[in-house]
Each structure stands twice: as C-alpha cells, then as structure tokens.
Amino acid sequence: MNPIRRIASRTVVLAVRDVDTDQIIPARYLTTTTREGLGQALFHDLRYDDNGNEVDAFPLNQARAAECKVLVAGKNFGCGSSREHAPWALLDYGFEAVISTEIADIFRSNALKNGLVPVIVDDATHAWLLDNPGADVVIDLESASLTLPDGSVVGFPIDAFARYCLLEGIDELGYLRKHLGRIEKFEESRVWKP
Amino acid sequence: MDPASTLFEKVWAEHVVVPETAETPAVLYIDLHLVHEVTSPQAFSVLRDSGLPVRRPDLTLATLDHSTPTTPVRTFQDLLVAGESAARQVRQLEDNCGEFGIQLLGFGSGQRGIVHVIGPELGATQPGKTIVCGDSHTSTHGAFGALAFGIGTTEVGHVMATQCLLQRRPQTLAINVNGVLPGGVTAKDLVLAIIGRIGVDGGTGHVIEYRGPVIAALDMEQRMTVCNMSIEGGARAGMIAPDDTTFQFLAGRERVPRGSDWDAAVARWRSLRSGDDATFDRSVDIDASALTPMVTFGTNPGMVIGIDDPVPSGGDASFRKALDYMQVEAGKPMAGQPVDVVFIGSCTNGRISDIEQAARILDGRRVADGVRVLVVPGSEQVKAAAEARGLDKIVTAAGAEWREAGCSMCLGMNGDIARPGELSVSTSNRNFEGRQGIGARTVLASPATAAASAIAGCVADPRKLV
Ligand code: SF4
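Order-wise, the sequence lines are chains A and B. If you use the numbering used here, the first sequence corresponds to residues 1 to 194, in order. If you use the numbering used here, the second sequence corresponds to residues 1001 to 1466, in order.
Right, here's the structure in full:
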C-alpha cells in the first residue's frame, strides 16, 4: 500500500443516508476473483438506467464530478454486507476518502485496510458539505484534520494504529506476522483447544 | 467467575494474545474461520503471492453457498446455469481448498449449505469460541454464546495466515426482552421490532447481548434468527448466554466433544454468562407482549411496522425516496399489498423449524394465482430433514417450488431474482434497493407471514390462517 498523507480535492455529494454496500456494488458483480476493475460497477444501479444509459441526475454523472477524490455521503454510509468489493470499487473509481457523520463498522474497517480514508465529521460541518457539492477540501492525515474552503479546520477521529499504517503505507499482515511467536505460545498455553 | 464481567468481556478476554494499547489494537485469536466462495479468492491470492500457508487449516471450514444454483447440480454444465463467472468462482474455491488443505463441504458432501446454517448444524459453532467469516451475518453464531462477527477479505487473509485479527474492543449493548411473545408472533418479528426500535445504526460500534425471559424461552433456531440480524441494527455481533437449551441442541452433533470432554465443555460453558454486577455501556428494554407480526415497508430493515399499522408519514428525503421506490403510500397498512414473489429461506429463516412454520400454513392450501414461491432450505441437511418429514410434498402440493440449498434470492447472485417492480415477501434479512434483483421491492417478514402472503396473494397476517 502507498503511504497517504494529504488528499486535496473537490467533493462529490451523495445526500442520502444509509447507503448500503448493495448500492455501492450490487451482488451480481461479486463473482470476480480479483480486485481490479470494480470501479465500473460502482453505484451501478443508481448510475445507469435499465438501458445502460447514465442517469443525469446521479451526482457521479455530473461533469464537475470528474477527478473528484472525496465523496461526501449521508449518515450511516456503507451499512450492510461485509463485501470488501465496496471500498475496492470506490478506490478503483478514483475516490480516496469518504466523509460522513457516521460510517458503518465493517465498511470502515475494510476502507482503512485499503487506503480509503473514512472521515467522520460533526453535523454542522456535514450539513455544510451536503449543501456545497464541489467544495475544495483538504484532508490531512498527519493532523487528522479536514480543511474547508474558508480555511476553517475540523479534526476527525481515526484509530491511531490505522492512521500510522496509512501514513507509513504499512501492511497490517506484516505487523500481525511479527507476533507469530506469541500466537504460538498462546496456542500452547490454552487450557482448552478449539 | 467475575461477577462484574459481561459474557462478551469473558469471551474477549480469553482470546487476547496481545492486549490493546492506545497505539495498537489487540491481537485476537480466532477459533473457527468459515470460508465461502465470494469473499475468499482475493485472500487466497495474497497468501499465494506471499508464499504463506493457511496456518491452521484444522480451524478453517469452507462451503459453497452464495452463488450456487438452487436447481440440482450434477455436472459442471449445470453450474454454468448461474453464469460463467460464478462457476469460475466456485471452481476456484475448490482449487484453493485443495491447494491449502482446507476441508470443503461442497457439492455431493451432503453437508453443504449456507455458512451460518452449517456451522451450528455440524456442532462446529460452540459457546465461548471466537468465530469469523467474510460475511456480515456471522453474527448468527452468537446465539450459542460465541463471539462471532463478519470481516472483510483482507481480514480473511489475516486469519488464514495467522489465525488472528487486529481488533479494537467494541462497546456493549444489552437488549433486555421482557414479557411474553404472543401466539403467532415469531423470533423474526421480534428482531425486526428490535431493529425498528434501535435503528439500522443503533448498534454501531457495539456487541449486543440479548437477554431476558423472552430470549431465554426461545429455542436455538429462533435465537439464531435474532442474532443473525444484529448486523441489521449496525452491531457486528450479537450474543446470547448459553444454557441447557444450547447444550441440548449441541449434544451429539458431529463436531462437539465426546464423553468426559463433553462434560468438561458443558461445565466450562456454564460460566459463560454476564455476572449479576456486570455493566453494559448501553441498554435498551423491549416489551414483547404487545408485538404483532412485523413487515418492512421501506428499503432498510429499520423501516418496519406491525402488519396492520399504517405506513408512517413524514420523514426526510431519504425516507420519501424509500417510499417511492417501494411504491407504498403513507397512512395505509402493508397488509393487502399485492405480492408477486415469495422467498422462504436464507441464513435468517432457512432452518428446519422455519420451513415447518411455512409448511403448516401452506398445508392443504394453494398459492394464489400469479404468485411465484421459492422455498430454499438453508443446507443440504435441512433439505434432507424436511424431505424426511414430507415437507417438500406439502410445499409443492401448494404450488410452491422446492429448491436445492443456498443463499438464493436473499441476494440474487445465483440467478434467483425478482423482476423490476415486483413485490417480494422475503424471509431474508435485507430489503435494500435492488438486493433481490434490479428494481425488486422487498418486504421482510417471518416464514409464517411469507407463507400466508403466498396463499392470499397479498401481504397477509398469518394469525388468521393458523
Ligand atoms: S443467506 Fe443471504 S445474508 Fe445469509 S449468508 Fe447468504 S447471502 Fe448472506
């Protein structure tokens, strides 16, 4: 994974709450055995109509959405299934961060493991972002802060370890494997064995 | 037994290999890793690319469920029914399990089925275990007093390589269910009511413990239905303290300890309950006595009402969008809405007692004209047990289809889908837009309500038919 320090971009706004992972990527696109190319299926049934034409009103289909790396979404984004295809699709499409007031647990964990930064903001900041699509924002991971176009800065919570891994581009599996000695000892010392 | 610890805290504490600190999450040991075809291929690729083995294949169990057809599979050609990429995915799991030495309960094993149905059925799911799977409904196994939760594919790779996960300790939420469940009201109705109460994000960051007299009175399959939908309330895990009901269910199953080991296990399991002085970060009280059969009216499981209650009005833009999608009107009840498809199955309601519940209502009646009804057992063992009791005959005599085991129309990956605009009464767990097919409108309900709706041709109260 590449280290991530700073994301500067305009926003795309999806002003709907409880966007579930079935909407982010419908199940019929999950038969893939690799991670690549899932961006094409991102929000598929919202982005395209029954004839495969782009739905003009959908935010991702608007001209100014191109090249945007930051998605602003309604409350409880990413609820539902544990499919990691959801963050894979968002990343493959070009997103690097998702901003909301609340992001579902498994999605957030999956996002962090793939370098998609989940940014949790307060209601007032969120309301402003929802009302101002295309706003230029800066997400700085080192200070865990979001800078709005007027220069105001709001901090966001992020797990210290996850932030460290993102900043350094560290693969968690490597970290976990360093503990193999302790894992073996744990297995030996258990009173009952699974 | 520490009287101040919760059930969750006890199971968590027993599995901490390296404690968490402000800077680093805990290293948590996993006792059982369940694997299926959809969320595993990329994890196996990571292992292969890094030259790593699956560290504990003996604690890993794989099956095929999500994308498998529910029409009989005899040859590879049959598999292609579900599409070439799905067939490739199935074959890849077979190859991966062969290469990494993992037991696969595949076609012809007699034990294949939805991953959350077969774990308990085989007795692999046991109290006090940590259980994970690349599937959010892993919460089901918490019905046995296990700490069980869904993980992503990267974490599937972590468990394969190390048998551990990096985890922050979640908070605890007690849901106390008091009163008595009225006749004709099922565990599915109860859990839908709970989600309606706490909201689809009410459990975010928490492990739920379901407690109280109503929970204690549920049988194991009903407890699984409740824990299954914890994730629909935002919680990664839901747990119920093991008791005699749990031990009786497990006794004699294929993968439980035998003889004196069994006695020792039961003795150990008995200590797995929250102490009298245990405190939870939050708690919610529910009175079950006033519940009626529940149905969803919107596009998430929290948008749920009693079968005769009017669809609520008002709400924000997302709420109105959901009503539009569902083509339902505020102020009117869901009962009476014309139905096109009925799906009875899934890891929520695909067990033998669920099929019995539906069959009792279908028995001697006919499915309404123009309604397509799929009854899909949750596993090959459930299918065999149902057939041994003649339930398949009842189902087909009523005009419903009796299928092979799998996830089927729960997520519409295998070709079993509802068409655009069709209304589906479904015993599964998610009524998200497009979950059962593009434009399909899903109403979540119990097997009894689903069967009653199949007979009536519209959303119907099962209590009028029993
Ligand atoms: S039955 Fe549905 S919810 Fe359960 S594992 Fe299968 S797809 Fe997931």
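Built from N, CA and C at the ideal position, the CB exists for glycine as well.
Is there a Cβ of chain A sitting closer than 7 Å to that of VAL1300/B, yes or no? The amino acid occupying residue 1300/B in the given sequence is Asn; Val does not appear at that position. Yes - at least one Cβ of chain A is within 7 Å of the one on ASN1300/B.
Using only the alpha-carbon positions, how far apart do SER1318/B and ALA41/A sit? Going by the C-alpha atoms only, they are around 22 Å apart.
Check whether the Cβ of LYS113/A lies closer than 7 Å to any Cβ atom in chain B. For LYS113/A, the answer is yes, since a Cβ of chain B falls inside 7 Å of its Cβ.
Does ligand 1 have even one heavy atom less than 6 Å from the beta-carbon of HIS1141/B? For HIS1141/B, the distance from the CB to the nearest heavy atom of ligand 1 is not below 6 Å.
Spatial neighbours of ASN1414/B within its chain, please: CB distance less than 8 Å, with the 5 preceding and 5 following residues excluded, ordered by chain position. Cβ neighbours of ASN1414/B beyond the five flanking positions: HIS1066, SER1067, THR1068, PRO1069, THR1070, ALA1082, ALA1086, GLY1406, CYS1407 and SER1408.
What beta strand (DSSP E) runs, 3 residues minimum, are completely inside the region 1349 to 1394 of chain B? If only complete runs of 3 or more residues are kept, the region 1349 to 1394 of chain B shows the beta strand (DSSP E) at 1372 to 1375, in order along the chain.
If contact is defined by three or more beta carbon pairs under 8 Å, each pair taking one atom from either stretch, is the region 90 to 100 of chain A in contact with the region 110 to 119 of chain A? With a cut-off of 8 Å on Cβ pairs, the region 110 to 119 of chain A is in contact with the region 90 to 100 of chain A, counting three or more such pairs.
Could you check whether the Cβ of LEU1411/B sits closer than 6 Å to any heavy atom belonging to ligand 1? At least one heavy atom of ligand 1 lies less than 6 Å from the C-beta of LEU1411/B.
With H, G and I counted as helix, E and B as strand and the rest as coil, what does DSSP make of THR1070/B? For THR1070/B, the three-state secondary structure derived from DSSP is coil.
Would PRO1057/B and GLN1092/B qualify as a contact pair, given that the criterion is a beta-carbon distance under 7 Å? For PRO1057/B and GLN1092/B, no; Cβs fall outside 7 Å.
Return the chain-ordered list of same chain residues with a C-beta closer than 6 Å to the C-beta of ALA1452/B, the five sequence neighbours on each side being excluded. Excluding sequence positions up to five before and after ALA1452/B, its CB lies within less than 6 Å of the CB of ILE1361, ALA1460, PRO1462 and LEU1465, all in the same chain and listed in chain order.
Beta-carbon proximity check, GLY1110/B vs GLU1254/B, cutoff 7 Å: At a Cβ-Cβ threshold of 7 Å, GLY1110/B and GLU1254/B do not count as neighbours.
Residue environment, VAL1038/B, which counts as buried when at least 16 other CB atoms sit within 10 Å: Here VAL1038/B is buried, its C-beta having at least 16 other C-beta atoms within 10 Å.
Do you know how far the Cα of VAL1266/B is from the Cα of PHE974/B? A question about residue 974/B goes unanswered here, because the residues of chain B that appear run from 1001 up to 1466.
Is it the case that the Cβ atoms of ARG1351/B and GLU1232/B are separated by a distance below 7 Å? For the pair ARG1351/B and GLU1232/B, the CB atoms are not nearer than the 7 Å cut-off.
If we count the other Cβ atoms within 10 Å of its Cβ and call it buried at 16 or more, is ALA63/A buried or exposed? Exposed is the call here.
Using only alpha-carbon positions, find the residue among LEU1166/B, LEU1147/B, PHE1144/B and ALA1146/B that is nearest to THR1154/B. Per the Cα distances, LEU1166/B.
Can you tell me where the beta strand (DSSP E) with GLU1209/B in it begins and where it stops? 1206 to 1211 is the span of the beta strand (DSSP E), which, as asked, contains GLU1209/B.
Reducing DSSP to helix, strand and coil, say where PHE1107/B ends up. Correct three-state label for PHE1107/B: coil.
Segments assigned alpha helix (DSSP H), at least 4 residues, entirely inside the region 1008 to 1056 of chain B: Correct list: 1041 to 1050.
Going along the chain, which residues of the region 1189 to 1203 of chain B sit with their C-beta nearer than 7 Å to a C-beta in chain A? Per Cβ criterion, the list reads VAL1200 and ASP1201.
Given that SER100/A touches chain B, what residues does it touch there, using C-beta distances under 7 Å? Those within 7 Å of SER100/A in chain B number zero; the least Cβ separation is about 11 Å.
Which residues mark the beginning and the end of the alpha helix (DSSP H) in which ASN1228/B is found? Here the alpha helix (DSSP H) through ASN1228/B covers 1220 to 1228.
Given the structure, does HIS1137/B come close to ligand 1, in the sense that its CB is under 6 Å from one of the ligand's heavy atoms? Relative to the non-hydrogen atoms of ligand 1, the Cβ of HIS1137/B comes within a distance shorter than 6 Å of at least one.
Measuring from the CB of CYS1347/B, is there a heavy atom of ligand 1 at a distance below 6 Å? At least one heavy atom of ligand 1 is nearer than 6 Å to the Cβ of CYS1347/B, so yes.
Using a C-beta cutoff of 7 Å, does ARG35/A count as contacting chain B? Yes, ARG35/A counts as interfacial toward chain B.
Are ALA1216/B and SER1283/B touching if we call contact CB-CB under 7 Å? Contact flag unset, no.
With respect to 6 Å, is the separation between the Cβ of CYS1407/B and the closest non-hydrogen atom of ligand 1 below this value? Because some heavy atom of ligand 1 lies under 6 Å away, the Cβ of CYS1407/B counts as near it: yes.
Please check the pair ALA1335/B and ASP1308/B, which I expect to be a contact at CB under 8 Å, by giving their CB distance rounded to whole angstroms. So it is a contact: roughly 6 Å between Cβ atoms.
Using a cut-off of 7 Å between C-beta atoms, extract the partners of TRP192/A located in chain B. What TRP192/A touches in chain B: ARG1268.
Kindly provide the ranges of any alpha helix (DSSP H) runs that are 4 or more residues long and lie completely inside the region 1150 to 1215 of chain B, ordered along the chain. With a minimum length of 4 residues, the continuous alpha helix (DSSP H) runs that stay inside the region 1150 to 1215 of chain B are 1153 to 1162 and 1187 to 1198.
Checking contacts by CB at 7 Å: is SER143/A closer than that to chain B? Not one chain B Cβ lies under 7 Å of SER143/A.
Measure the alpha-carbon distance for ASN61/A versus CYS68/A and round it to whole angstroms. Straight-line spacing of the CA atoms in ASN61/A and CYS68/A works out to 12 Å.
Can you tell me whether DSSP reads ASP92/A as helix, strand or coil? When secondary structure is reduced to three states using DSSP, ASP92/A falls in the helix class.
Considering PRO118/A, what are the terminal residues of the beta strand (DSSP E) in which it resides? Element bounds for PRO118/A: 117 to 120.
Bridge partners of ASP1285/B, per DSSP? Note: ASP1285/B sits in a beta bridge opposite ASN1176/B.
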